[in-house]
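Residue numbers (this note's numbering), protein chains in the order written: chain W, 1 to 109; chain S, 1 to 113.
C-beta atoms are modelled at their ideal positions from N, C-alpha and C, and glycine is treated no differently.
Quick caveat: nothing in here was measured; it's all calculated off a predicted structure.
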């Protein structure tokens, strides 16, 4: 039921910004964009979410295009501990979270 | 620690055994969930509980039996499992209002032999 498309894998040099793209061209007006990550064999961890405006917290920034058909998660200074699978999910309030296959991000020393 | 605690962390059981997985949260959340994650597959939503009532069962075989005695505790009772049921079982909780994300536990790694 995932309504998003993400690259299967990406690499990023340690200390550089990691930019993870997500396409959600069929997103509806009531659906939010959420990002989670899952470090190997642990439970997913909530990162950030947004509706229309760009959002920033202590972990990451979320950039949503004006037409809302795509978004980018930005980790400003990637560390080795950011190596994980990153999931982009669109969800309307009250509905469940359905996870796709995500992007496997490897931060390289 | 996320505030959602799952026990045990690892479990090996035979196909004729009966075991239970436990999930506990004291975050004041009123919705709880079981997910299954098989090797190299996406997370699959199994069961949803809101205010202790089961509101969703995603065609899960009856050898998996959930129980939610109160808003803080969730169990998954297992019996006569198959080797293909070996997976990481994840519990999550949520405040079922607003747009908050789920809080996940660390999971139970189940191996059926």
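Through-space distance from residue j to residue i, alpha-carbon basis
{"i": "residue 65 of chain W", "j": "residue 52 of chain W", "result": "8 Å"}
{"i": "residue 73 of chain S", "j": "residue 51 of chain S", "result": "11 Å"}
{"i": "residue 104 of chain W", "j": "residue 37 of chain W", "result": "9 Å"}
{"i": "residue 18 of chain S", "j": "residue 28 of chain W", "result": "44 Å"}
{"i": "residue 63 of chain S", "j": "residue 33 of chain W", "result": "35 Å"}
{"i": "residue 80 of chain S", "j": "residue 45 of chain S", "result": "21 Å"}
{"i": "residue 65 of chain S", "j": "residue 101 of chain S", "result": "25 Å"}
{"i": "residue 55 of chain S", "j": "residue 41 of chain S", "result": "24 Å"}
{"i": "residue 30 of chain W", "j": "residue 99 of chain W", "result": "18 Å"}
Backbone secondary structure at residue i - three-state DSSP
{"i": "residue 66 of chain S", "result": "strand"}
{"i": "residue 81 of chain W", "result": "helix"}
{"i": "residue 83 of chain S", "result": "helix"}
{"i": "residue 78 of chain S", "result": "strand"}
{"i": "residue 50 of chain W", "result": "strand"}
{"i": "residue 48 of chain S", "result": "strand"}
{"i": "residue 10 of chain S", "result": "strand"}
{"i": "residue 11 of chain W", "result": "strand"}
Short Cβ contact (8 Å threshold) for residue i with residue j
{"i": "residue 99 of chain S", "j": "residue 93 of chain W", "result": "yes"}
Residue nearest to residue i in terms of C-alpha spacing, selected from the options
{"i": "residue 83 of chain S", "options": "S:37, S:54, S:14", "result": "S:14"}
{"i": "residue 104 of chain S", "options": "S:36, S:16, S:12", "result": "S:36"}
>> If the cut-off is 9 Å on Cβ atoms, which residues from the region 90 to 112 of chain S count as contacting chain W, listed in chain order?
In response: Within the region 90 to 112 of chain S, the residues whose Cβ lies closer than 9 Å to some Cβ of chain W are 90, 91, 92, 94, 96, 97, 98, 99, 100, 101, 102, 103, 104, 105, 106, 107, 109, listed in chain order.
> At a Cβ cut of 8 Å, what residues of the region 31 to 44 of chain W count as close to chain S, listed as they run along the chain?
Replying inline: Taking 8 Å as the cut-off between beta carbons, the residues of the region 31 to 44 of chain W near chain S are 32, 34, 36, 41, 42, 43, 44, in sequence order.
> When you check each C-beta in the region 26 to 43 of chain S against every C-beta of chain W, which residues fall closer than 7 Å?
Replying inline: Answer set for the region 26 to 43 of chain S: 42, 43.
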